[in-house]
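Since the structure comes first, as structure tokens, the remarks are kept for the end.
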Amino acid sequence: MTFSIVARSTDGTAFGVAVASKFLAVGAAVPAAAAGVGAIATQAYANLAYRPEGMAQLREGRSASLTLETLLAADDKRETRQAGIVDVAGASATFTGSECNPWAGGVTGEGYAIQGNILTGPEVVAAMEDAWHATGGDAPLARRLLAVLQAGDGAGGDRRGRQSAALLVVTPEGGYGGGSDVLVDLRVDDHTAPVAELARLLDLHDLYFGKPDLDALLDLSGELGEEVRNRLADLGHVDDDLDAALAGWAGIENYEERLVPGKIDPLVLAKLREAAS
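Sequential numbering from 25 applies to the sequence shown in our numbering.
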């Protein structure tokens, strides 16, 4: 029912899963990941218990292959299952049961496992693996995973059609305000073009929750400072403290993660100009 990738970032700090399927809310069933532990995808006739049980084994220090072997050994319906795992060291494992609907199969490499079933053909998995290598290790893991999913979708994907997609990435203190390890958790539960919609959501996620490029920040002084002050005033945000006025507007628009005292992110400036035009 699904094609997916589970992966670890090249530097070992992030783990994630990207998945798409002709299945309602696939993100509620397939992915699991934990910072400093690993990631799992369970699919085909998915055994959702693989997620908590597999993560528990990974936390105990078991390898991806041993974890997968243990899960399958305890499952009398193992031949209907498909799963992929990446562990903390970047080792990977994938399994496709003999009773999975064709085409079904998977591949592994250092830091990734790619698998799919009910696909248009093996070209889907091949395109996904090529995309993983083409993106390069310096790219953010979320972007690499999305590129892999887009490649699989473009190569044919699920032969039944399209319905849902999801992207989960974890890294220590990567969540909003640093209060959790969940860096990205996006789901498209029911859509005619779920992978394209997932890409749109990731763009918004990066805008709202991405960190500013410190080298690109602009000083809130001189003519730019006056422009920003005037535009904020036009939007009803007036304060002798320009940083406070900007924070008042940015908080409403959800750009607070991009604020730096005395500076303005060019992305925030563009949105301010758009709002006050």
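Idealized CB from N, CA, C, for every residue including glycine. On a predicted model such as this, the values are computed, not experimentally measured, just so you know.
Can you look up residue i in the DSSP assignment and give me helix, strand or coil?
{"i": "residue 47", "result": "coil"}
{"i": "residue 276", "result": "helix"}
{"i": "residue 305", "result": "Residue numbering for the chain in the displayed model covers 25 to 301; residue 305 lies beyond these limits and cannot be assessed."}
{"i": "residue 136", "result": "strand"}
{"i": "residue 3", "result": "Outside the shown range of the chain, which is 25 to 301, sits residue 3, and nothing can be said about it."}
{"i": "residue 178", "result": "helix"}
{"i": "residue 187", "result": "coil"}
{"i": "residue 287", "result": "strand"}
{"i": "residue 55", "result": "strand"}
{"i": "residue 8", "result": "Since the first residue of the chain shown is 25 and the last is 301, residue 8 is not available in this structure."}
{"i": "residue 102", "result": "helix"}
{"i": "residue 168", "result": "helix"}
{"i": "residue 302", "result": "What is shown of the chain runs 25 to 301, which leaves residue 302 out entirely."}
{"i": "residue 378", "result": "What is shown of the chain runs 25 to 301, which leaves residue 378 out entirely."}
{"i": "residue 149", "result": "helix"}
{"i": "residue 61", "result": "coil"}
Do residue j and residue i count as a contact pair if the criterion is CB distance below 9 Å?
{"i": "residue 143", "j": "residue 155", "result": "no"}
{"i": "residue 61", "j": "residue 99", "result": "no"}
{"i": "residue 199", "j": "residue 27", "result": "no"}
{"i": "residue 39", "j": "residue 165", "result": "yes"}
{"i": "residue 211", "j": "residue 58", "result": "no"}
{"i": "residue 213", "j": "residue 68", "result": "no"}
{"i": "residue 106", "j": "residue 95", "result": "no"}
{"i": "residue 134", "j": "residue 108", "result": "no"}
{"i": "residue 171", "j": "residue 158", "result": "yes"}
{"i": "residue 173", "j": "residue 42", "result": "yes"}
{"i": "residue 293", "j": "residue 252", "result": "yes"}
{"i": "residue 281", "j": "residue 203", "result": "no"}
Taking the alpha-carbon of residue i as reference, which of the options has the nearest alpha-carbon?
{"i": "residue 103", "options": "119, 90, 111 and 271", "result": "119"}
{"i": "residue 141", "options": "222, 135, 228 and 122", "result": "122"}
{"i": "residue 75", "options": "55, 94, 59 and 85", "result": "55"}
{"i": "residue 44", "options": "229, 223 and 251", "result": "223"}
{"i": "residue 220", "options": "40, 193, 188 and 206", "result": "188"}
{"i": "residue 274", "options": "264, 286, 256 and 265", "result": "256"}
{"i": "residue 136", "options": "65, 71 and 80", "result": "65"}
{"i": "residue 288", "options": "72, 236, 105 and 179", "result": "236"}
{"i": "residue 286", "options": "298, 248 and 261", "result": "248"}
{"i": "residue 279", "options": "169, 233, 203 and 130", "result": "233"}
{"i": "residue 228", "options": "85, 113, 151 and 295", "result": "295"}
{"i": "residue 185", "options": "42, 217 and 29", "result": "217"}
{"i": "residue 291", "options": "29, 153 and 238", "result": "238"}
{"i": "residue 32", "options": "301, 138 and 47", "result": "138"}
{"i": "residue 194", "options": "152, 169 and 177", "result": "169"}
{"i": "residue 145", "options": "152, 126 and 163", "result": "126"}
{"i": "residue 71", "options": "97, 277 and 101", "result": "101"}
{"i": "residue 250", "options": "225, 97, 150 and 297", "result": "297"}
{"i": "residue 183", "options": "30, 46 and 29", "result": "46"}
Write down the C-beta distance between residue i and residue j rounded to the nearest angstrom, noting that I regard them as a contact closer than 8 Å.
{"i": "residue 161", "j": "residue 34", "result": "3 Å"}
{"i": "residue 241", "j": "residue 284", "result": "6 Å"}
{"i": "residue 196", "j": "residue 209", "result": "Rounded, the Cβ-Cβ distance is 15 Å, inconsistent with contact."}
{"i": "residue 116", "j": "residue 132", "result": "4 Å"}
{"i": "residue 299", "j": "residue 259", "result": "6 Å"}
{"i": "residue 130", "j": "residue 148", "result": "No, residue 130 and residue 148 are not in contact; Cβ-Cβ is about 11 Å, not under 8 Å."}
{"i": "residue 276", "j": "residue 152", "result": "That pair is no contact at about 40 Å."}
At what residue ranges does the region 204-284 contain a whole run of the beta strand (DSSP E), taking only runs of 3 or more? If only complete runs of 3 or more residues are kept, the region 204-284 shows the beta strand (DSSP E) at 206-212, in order along the chain.
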